[in-house]
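I have placed the structure first, in the form of structure tokens, so that the comments after it can refer back to it.
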Ligand SMILES: [Zn+2]
């Protein structure tokens, strides 16, 4: 059981339910069953509120905080709290929508926090017909045909996300440095920089400069949905 707190009210919880449904029973070949409990964000709409919601809900269990670059500016505080309480981070820059897009195509180029181009590309991507109306009439759900469209594309998405780490403008970031084993609660305390480097980005790579990037792939690797292979 792991607890994942997120900002979105439909996209991320829908996606987490999809992971439960598609992969949660294990595969009978070594991949363990899991159950993700999406945590409603409550009043915590900021990244640090999301980290706090994850901490409260999870107790001693594994906890993740999913949040976007968007317009929020308390990300440094969120990372500090996550490091202190060993809450895994799955940060997306500019947004979680990038993770969806990477199921269909590679993507590159700094977006300065705007998700507009990412959403446009997603609507037009080959194989993503179900996303044609994504984010129109406020429909950002991932159900039915959208869910089906993501199926069997997770390895592709992970590879695309990993290559964004490799091509990060900082220059020292390497997907093979990412941590995908469960958090060791007995390990030495880590600085916020070290904690944010579990993504494979260098400890010296400022989180807000990881543009574009998404760490959601690491959740899938930790759950064994895709291999934990390193470069
Ligand atoms: Zn980086």
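In our numbering, the protein residues as written are 12 to 242. Using N, Cα and C, we set each Cβ at its ideal position, and we do this for glycine too.
Residues near residue i by beta carbon distance below 8 Å, same chain, minus five either side
i	result
residue 105	79, 80, 81, 122, 123, 124, 125, 126, 129, 222, 223
residue 183	213, 215, 216
residue 44	35, 36, 37
Where residue i falls: helix, strand or coil (DSSP)
i	result
residue 14	strand
residue 22	helix
residue 113	coil
residue 45	coil
residue 132	helix
residue 50	strand
residue 147	strand
residue 180	coil
residue 224	strand
residue 234	coil
residue 218	helix
residue 31	helix
residue 142	helix
Endpoints, alpha helix (DSSP H) assigned at residue i
i	result
residue 166	165 to 177
residue 159	155 to 161
residue 96	86 to 96
residue 207	203 to 207
residue 60	58 to 69
Other residues of its chain near residue i: CB distance less than 7 Å, five sequence neighbours each side excluded
i	result
residue 56	18
residue 108	126, 129, 130, 133
residue 86	58, 218, 219
residue 191	229, 232, 233, 239
residue 237	165, 166, 169, 231
residue 185	176, 177, 211, 242
Residue i CB to nearest heavy atom of ligand 1 below 6 Å
i	result
residue 104	no
residue 212	yes
residue 221	yes
residue 181	yes
residue 184	yes
Cβ shell of residue i (< 6 Å), same chain only, five flanking positions each side left out
i	result
residue 27	15, 47, 49
residue 73	13
residue 146	130
residue 99	75
residue 202	none
residue 204	214
residue 161	114
residue 164	114
residue 194	97
Per-residue burial, residue i [other beta carbons within 10 Å of its own, 16 or more giving buried]
i	result
residue 150	exposed
residue 20	exposed
residue 63	buried
residue 111	buried
residue 69	buried
residue 180	exposed
residue 199	exposed
residue 220	exposed
residue 39	exposed
residue 24	buried
residue 117	exposed
residue 51	exposed
residue 178	exposed
residue 156	exposed
residue 144	exposed
Heavy atom of ligand 2 within 6 Å of residue i beta-carbon
i	result
residue 216	In terms of ligand content, the structure shown lacks ligand 2 and carries ligand 1 instead.
Element boundaries [beta strand (DSSP E), containing residue i]
i	result
residue 103	99 to 104
residue 77	73 to 79
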